[in-house]
Amino acid sequence: MTDKIYVTKSSLPPLDEFVSEIADVWETHWLTNMGVKHQLLQAKLQEFLGVRHVALFTNGHLALEMALQAMDLAGEVITTPFTFASTTHAIVRNGMTPVFCDVDPDTFTLDVCQLESLITEKTCAIVPVHVYGNICDVEAIDRIAKKHNLKVLYDAAHAFGVRYKGRGIGSFGDASMFSFHATKVFHTIEGGAVCYNDEGLDQVLYQLKNFGIRDEQNVDTVGANGKMSEIQAAMGLCNLRHLPDNIKRRKQVFDLYMHHLQGVSGLRLPALQENVEPNYAYFPIIVEEDCFGITRDALYELLKSNNIYARKYFYPLTSSYACYQGQFNPQETPVALALSQEVLTLPFYPDLSTSQIEYICRVIREK
Ligand SMILES: *Cc1c(COP(=O)(O)O)cnc(C)c1O
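Per the numbering used here, the sequence shown starts with residue 2, numbered consecutively.
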């Protein structure tokens, strides 16, 4: 038995680095409202992510919700139920109706073969998710969206730093949301951003996250408060410096898992995608009971009894949440439904040690 191994462990910069990063905040007393740290992080992210515009937010969810609001749409939004609560809630909280498309069994992202058949005259947008850092078929989605004149807003919460054919993943579609939550590959404790191509969104997003205030005497939008603070931004500036090393270490953890779990029958391991520079965000396994011998839920419990805390992520589908009872039918997305019952994300973070990985894999193999 070992000490508890949790599914993730937030990365932190060295304490003295963070202290020196925030030292000037103690000089200026400028704590929030788009200060120096905020502006610097925004500029650095724009460059790092290879995107035209970046707007920072207090968290990823508000970034997504406000990006959708900024597009000023109404009607149906085609999306996936195999995601975190945030994606579906952002659509519903904007008064729009999610229409659930099934997912591809290998990438867990929107099944572009089904996508077009769900488009009606009410469809206004597509909100796909780059699940576990696997990217959607961005080219097919782009083609379909252009043909039907639909907006595309990616939930890229898992895909920070991912590149496709050398291009930053946040540059595809009309906009992308990244989450900088403490558990993500890059974080600002809580935080998030919208990356977008249309300069016209600058002012709208700025006002939405700052109470709709245009200037000192004019409030012309019913906005809310979504501002990222200086301390959050400072954490981001530190973490960004360590990101390349973190991703290198994530790759080592990924490779070790692959090495120790390769060939276990009934386990489907993550596959890297062609032309994609990955970020190694998660290590999801698919437990096929017939071959593996026990169910996903049984494996989850077995790991837990050995002090290993994996996560049923994503389970359940958002379309089966109690708050949406009677509105959607999870059976209409059978691939997503099956995946939600078979997927388990294993503990995965940069400083997961070799011996911890070996221990986890031994428990799985000897089930
Ligand atoms: C984390 C996450 C979000 C929400 O981001 P927060 O920064 O926690 O608000 C949205 N979608 C997905 C897929 C996520 O994993």
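Even glycine gets a Cβ: it sits at the ideal position worked out from N, Cα and C.
9 Å Cβ cutoff met for residue i and residue j
i	j	result
Ile170	Leu116	no
Lys228	Thr33	yes
Ser12	His188	yes
Tyr7	Pro348	yes
Glu191	Thr59	yes
Glu122	Ala91	no
Thr81	Thr110	yes
Gly162	Ile248	yes
Ala183	Glu22	no
Pro331	Pro317	yes
Asp156	Thr88	yes
Ser177	Leu154	yes
Tyr301	Ala311	yes
Pro285	Leu345	yes
Leu303	Val364	yes
Met97	Ala68	no
Lys185	Ala282	yes
Ile136	Val113	no
Gln105	Asp138	Reading the sequence as shown, one finds Asp at residue 105 and not Gln. Cβ atoms of Asp105 and Asp138: closer than 9 Å.
Whole-number beta carbon distance between residue j and residue i, since they are thought to touch under 8 Å
i	j	result
Ser320	Cys292	Contact doesn't hold; Cβ gap of about 28 Å is too wide.
Arg250	Pro351	4 Å
Leu340	Phe83	6 Å
Asn308	Thr3	6 Å
Leu42	Leu57	7 Å
Gln263	Arg297	Gln263 to Arg297, Cβ: 19 Å. No contact.
Same chain, Cβ closer than 8 Å to residue i, neighbours up to 5 away in sequence not counted
i	result
Gln70	Asn95, Leu209
Ala86	Thr319, Tyr322
7 Å Cβ shell around residue i - same chain, five flanking residues per side excluded
i	result
Asn276	Tyr165, Lys166
His373	For residue 373 there is no data in the structure shown, the boundaries of the chain being 2 and 368.
Ile295	Lys368
Arg128	Residue identity differs from the one stated: residue 128 is Val in this sequence, not Arg. If we look at Val128 and ignore the five residues flanking it on each side, its Cβ neighbours are Val78, Thr80, Thr88, Ile92, Leu154, Asp156.
Proximal residues to residue i (C-beta, below 6 Å), its chain only, five neighbours per side dropped
i	result
Ala158	Gly61, Ser180
Gly174	Val153, Tyr155
Arg215	Asp221
Interface flag, residue i vs chain D, CB-CB below 9 Å
i	result
Thr110	Absent from the structure is chain D; it holds one protein chain and no more.
Give a yes or no on contact between the region 182 to 202 and the region 53 to 65, applying the rule of three or more CB pairs nearer than 8 Å. They touch, by the three-pair rule.
Entirely enclosed beta strand (DSSP E) segments - the region 192 to 249, minimum 3 residues: Here the runs fully enclosed are 193 to 197, 214 to 216.
Would you mind listing the beta strand (DSSP E) stretches within the region 74 to 135 that are 3+ residues and don't spill past its ends, in chain order? Every beta strand (DSSP E) stretch that sits fully inside the region 74 to 135 and reaches 3 residues is listed by chain position as 77 to 80, 98 to 101, 124 to 128.
Any 3 or more C-beta pairs closer than 8 Å across the region 12 to 28 and the region 236 to 247: Contact holds: three or more Cβ-Cβ distances are below 8 Å.
Go through the region 156 to 187 residue by residue and report every complete run of the alpha helix (DSSP H) that reaches 4 residues or more, in order. Positions of the alpha helix (DSSP H) runs, each at least 4 residues long and wholly inside the region 156 to 187, cannot be given because no such run exists.
Please go through the region 236 to 318 and give each complete alpha helix (DSSP H) segment of 4 or more residues, from N-terminal end onward. Runs of the alpha helix (DSSP H) inside the region 236 to 318: 290 to 293, 297 to 306.
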